[in-house]
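Enquirer: Just passing along the structure, written as structure tokens.
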Ligand code: FE
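Residue numbers (the working numbering): 5 to 205.
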């Protein structure tokens with residue numbers, strides 16, 4: 005028998021079911037909405053979208069300029085969705101002297117239609133708290149060891165401002181076609197948790 009002094013905590017599945025039931029009763033949730041939304045997200049909001057944008061920026065100077073000036077216009081030019089409430093989408097260019105890294109200190113906001121659903125570590129309270137105060141240390145722990153002279157810029161995502169990092173193209177990959185380049189661009193690199201320096205030519 006359960007100990008009556010221990011409060012029972014509903015599992016995430018039970019809480020989700022309870023919210024769904026209430027929304028259905030209120031007439032807010034249409035039948036099949038959750039399934040079709042999830043299916044659409046899995047198919048359309050993938051890491052490959054951002055990777056294709058990066059690969060194109062590396063091979064097409066005009067697109068690179070557009071992407072750095074207006075991320076939303078660049079995403080739409082590629083045919084990718086960009087939700088209306090993401091009012092700003094800034095593409096942050098890594099250089100030899102500057103490394104950009106993205107966080108949502110409040111929760112887990114990201115440019116998910118372009119970068120795919122954020123990884124578990126991005127939502128971790130430890131990452132969110134520490135990357136701001138100890139960015140160089142946290143990046144080192146994640147495998148990104150930066151020279152002392154490299155400036156680190158930490159970008160805090162909000163409801164209406166979303167970001168992606170434009171990594172530097174590994175020199176070994178100069179001359180590769182965009183399709184091949186897109187395959188080496190990782191989600192971590194577009195968040196700033198990798199410099200793609202493990203890529204072999
Ligand atoms: Fe958030």
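C-beta: ideal position from N, C-alpha, C; glycine also.
1) Going by beta carbon distance, what residues of the same chain come within less than 6 angstroms of residue 71, once the five residues before and after it are set aside?
2) Counting pairs of Cβ atoms below 8 angstroms between the region 83-90 and the region 146-157, do you hit three or more?
3) If we ignore side chains and look at the alpha-carbon of each, how far apart do residue 104 and residue 156 end up?
4) Where does residue 90 land, buried or exposed, given buried means 16+ other C-beta within 10 angstroms?
5) Can you look up residue 188 in the DSSP assignment and give me helix, strand or coil?
6) Counting pairs of beta carbons, one from the region 187-195 and one from the region 155-172, are three or more of them closer than 8 angstroms?
7) Name the DSSP beta bridge partners of residue 165, please?
8) Evaluate residue 108 with the Cβ neighbour count: other Cβ atoms within 10 Å of its Cβ, from every protein chain shown; 16 or more gives buried, anything less gives exposed.
9) Would you report the Cα separation of residue 162 and residue 200, rounded to the nearest angstrom?
Expert: The answer reads as follows:
1) Result list for residue 71: 61, 78 and 95, in chain order.
2) Touching, no.
3) Approximately 6 angstroms between the Cα atoms of the pair.
4) With 16 or more other Cβ atoms within 10 Å, it is buried.
5) Of the three classes helix, strand and coil, the one that applies to residue 188 here is coil, per DSSP.
6) Note that the region 187-195 touches the region 155-172; at least 3 beta-carbon pairs, one per stretch, sit closer than 8 angstroms.
7) Bridge partners of residue 165: 92.
8) Residue environment analysis places residue 108 among the buried positions, since at least 16 neighbouring C-beta atoms fall within 10 angstroms of its C-beta.
9) Roughly 26 angstroms between the two C-alpha positions.
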